[in-house]
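Residue numbering for the sequence shown follows UniProt numbering, beginning at 1 and increasing consecutively. Glycine residues also receive a C-beta, built at the ideal position from the N, C-alpha and C atoms. Structure record follows, encoded as structure tokens.
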Amino acid sequence: MTYSHVDASGVIGRESDREKIIKLLMQHHPNGDGYGDQSICVIPIVGIGGLGKTTLAKLVFNDKRMDDLFQLKMWVCISDDFDIRQILIKIINSASASAPTIALAHQENIKNFDIEQLQSRLRHRLSGQKYLLVLDDVWNDNRPKWTQLKDLIKVGAVGSKILVTTRSNSIASMMGTVPSYALEGLSLENCYALFNKWAFKEGEEKKYSNLVEIGKEIVKKCIGVPLAVRTLGSSLFLNFNLERWEFVRDHGIWNLKQEKDDILPALKLSYDQMPSYLRHCFAFFSLYPKDYGFTGAKVVNLWVSLGLLRSEVGSQKLENAARLYIDELHSRSFLEDFEDFGNIYYFKVHDLVHDLAQYVAKEEILVVDSGTRNIPEQVRHLSVVENSLRDALFPKSSRVRTILFPTDGVGVDSVALLDAWIARYKFLRILDLSDSSFETFPNSIAKLEHLRALSLENNRRIKRLPQSICKLQNLQVLTLRGCVELETLPKGFGMLISLRQLSITTKQSILSEDEFASLINLNTLSFEFCDNLMFLFRGTQQLKSLEVLIVQSCRSLESFPFHILPKLEVLFVIRCEMLNLSLNCENPIERLRMKFLHIEECPRQQTLPQWIEGAAETLQTLLISNLHSLEMLPEWLTSMTHLKMLHIVNCPQLLYLPSDMHRLGALEDLTIDGCSELCQKCEPQSGEYWSFIAHIKHLSIGETREGKLLFQMQKQIRLKLQDLQN
């Protein structure tokens, strides 16, 4: 789920390290680089957390010399779980990301492969290829597991290399075939430069010489760790109060002894400076595994369900408040890999920041795994990351508010266990049973009158839901995505009047429009793999509160009535083979409020539907992908006065841009990839369209590195959708 892109211009003090690693990659190594019994060359980068190992690997991976040296480049984040099957899937997908012509559906199907099929596909993909494979953030110290993986990938051409990043010297020694590259901290001079970059606007430090001197003292305590420098610098950004800077310099937490990493004091200090409301929300990141990909919707659902957000007016205000919280955490450098698509955003929490969240959560939040022997009675929030549950392990107290299963493939298969939890934990607010496999759901669910969020995602055995579920008057989020055997929604689900978000997979061919119209607070609605669904609604009643609609892999769907969605702002339409978005809606819809539109793999679309023109004053993001019949973009596209992002990917029949592209004055991000003739016309300097687009701030055309990044980002949107529907 990680991507390898890095803005090299924003990295300070790692030029020498990059050159040394590249030199190692270019060398022939007698203990590796060969076929047969010879081991493939493995180069470990080792250092404490937050030192910049991943950033260094990204700098190397994106260096143009690597494109000349290797036929294939792959980036895989390993993190805590060294699961061979999942690693094989990641390697195959990463290899495929280098070849945009491979169908996305083909990539997705490998999730269902067994280990034999995966290893066969992998060996076929790597055979004879000189490749560079980055294994980022390795924690596994189990040598047999590493040997098993190494034997499977030892099929590349002579000169193939593996670059590993890890915090552990013992893991580096176990995996490496050459001496480890021990990454050192930044020099004081580079730390000063990095600190000033994050603490001041460019050139602003010249106005505050007294603060600069205090900053130098603060930097010395960061022991050259870029994450610590960046975190503290960000915490002081735009704050020129002398006492505040002295507080950061003198705070006693610097002297706290740490068991590992020696960076937690810096992060803990930034945590202590957060507002109290933000500190409480932050702790709940520890419910999820390291390297977990969060979407805005996931975080909103968590915080709202637990009552951590407060607002005087309605749930929409709560969602806005959540975004402000996220933006503040991002500004403090607690979040990374942040991708902002406007209404939809995606991020991760740095490993060390995750450690901090676990530290401050203390005994209220607990992650349950195979090593858990006892759950204290005071625990209120449980995250189960491994199977083999025993009810005897769980607390008898009714204090538990959260039970969730955030790890793929880990769930519940015992209805008796569910019954016991429902009877015992009467005040549950979140019950996330994703990837469970029970066939029936207890009628007793109605007893959980305080429940705010319920997920049965990817339960492939459940066929019916009890009607008693409709008594959950406080339920705000219901996720039935991936319940492929679910025959019908329960009669009376319109009684769920507090529902804000509903994700559905069902075998139904007709939906009850009256039931949906009764959901007066419904903000987000998604349909996925509803194979029998031809029409969403008859169009007789409006869904007045709906703002986000996701329709994905509904292969029989032919049309849906936009006129019943007066407040729609976000629309995803993906892999709907029979859908004609222009059907029954051939003219612009007046006063559309749409801000975000993603259309992908809809083979009947030869042009963009006319109704989009009605969003000329609101549309900010337009993503078009894999529309193989799309032949032209309409001239009215240039009337989109607020359009900021336009991505066009894998539309090979598209040959022309509208003649008035220069009218898109707000456009700041344009990507065109997988459209060979159109890309030629947009080539810098020589292309006939270059003068129309040269002014755009972020521009990616064709098979540039940026274009490849976009292809990866399009894949990530699929992952975002999965979380958005939880």
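Using a C-beta cut-off of 8 Å, the region 634-649 makes contact with the region 610-617, since at least three inter-stretch Cβ pairs fall below that distance.
According to the DSSP assignment, Leu232 belongs to the alpha helix (DSSP H) that extends over 226-235. The DSSP assignment places no complete alpha helix (DSSP H) segment of no fewer than 4 residues inside the region 618-663.
Annotation: the continuous alpha helix (DSSP H) that includes Gln119 extends over 115-126.
DSSP assignment within the region 181-205 yields the following whole alpha helix (DSSP H) runs of 4 residues or more, N-terminal first: 188-199. Taking the CA atoms as reference points, Glu246 sits about 19 Å from Leu194. Note on geometry: alpha-carbon atoms of Asp413 and Ser437 lie some 5 Å from one another. DSSP, reduced to helix, strand and coil, places His5 outside both helices and strands of the structure shown, so it counts as coil. Three or more Cβ pairs closer than 8 Å define a contact, and the region 67-77 falls short of that threshold against the region 274-289. Here Arg663 has Thr638 as same chain residues with Cβ atoms under 6 Å from its own Cβ, once five neighbours each way along the sequence are excluded. Secondary structure of Ala357 (DSSP, three-state): helix.
Taken in chain order, no unbroken stretch of alpha helix (DSSP H) lies wholly in the region 456-485 with a span of 4 residues or more.
Taking a C-beta distance under 7 Å as the contact criterion, Phe82 and Lys161 do not qualify as a contact pair. By the neighbour-count definition (other C-beta atoms within 10 Å, threshold 16), Gly409 is an exposed residue.
In terms of Cβ geometry, Leu132 and Phe70 form a close pair [threshold 7 Å]. With the rule of 3 Cβ pairs closer than 8 Å, the region 77-96 does not count as touching the region 209-225. Going by DSSP, Lys348 is part of the beta strand (DSSP E) stretching over 345-349. Assigned with DSSP and collapsed to three states, Pro44 falls in strand. The beta-carbon separation of Ala157 and Gln129, rounded to 6 Å, stays under the 8 Å limit for a contact. Counting the other Cβ atoms within 10 Å of the Cβ of Ala95 gives 16 or more, which makes it buried. Taking C-alpha positions only, Asn521 is separated from Gly293 by approximately 27 Å. Relative to Ser553, the option among Asp531, Tyr208, Leu568 whose CA is nearest is Asp531. DSSP places Cys281 in the helix class (H, G or I) of the three-state scheme. Relative to the Cα of Phe441, the nearest Cα in the group Leu486, Leu627, Leu183, Ser676 belongs to Leu486. Within the DSSP secondary-structure output, Ala423 pairs in no beta bridge. The Cβ atoms of Asn301 and Val477 lie closer than 7 Å to each other. Separation of Leu496 and Leu489 (C-alpha to C-alpha, rounded to the nearest whole angstrom) is 12 Å. The three-state reading of DSSP puts Gln605 in coil, since its state is none of H, G, I, E or B. Assigned with DSSP and collapsed to three states, Gln541 falls in coil, not helix or strand.
Remark: C-beta atoms of Val164 and Pro44 approach each other more closely than 7 Å.
Between Leu431 and the set Ala453, Phe61, Lys64, Leu557, the nearest pair of CA atoms involves Ala453.
In the DSSP annotation of this structure, the continuous segment of the alpha helix (DSSP H) that includes Val304 starts and ends at 296-305. Leu163 carries a strand assignment under DSSP once its states are collapsed to helix, strand and coil. Take Leu149, set aside five residues on each side of it, and the residues of its chain with a beta-carbon closer than 7 Å to its own are Ile84, Ile87, in chain order. By DSSP's assignment, Phe527 forms a beta bridge with Ile504, Val551. Exclusion of the five residues before and after Arg244 leaves Leu236 as the residues of its chain whose Cβ lies within less than 8 Å of its Cβ.
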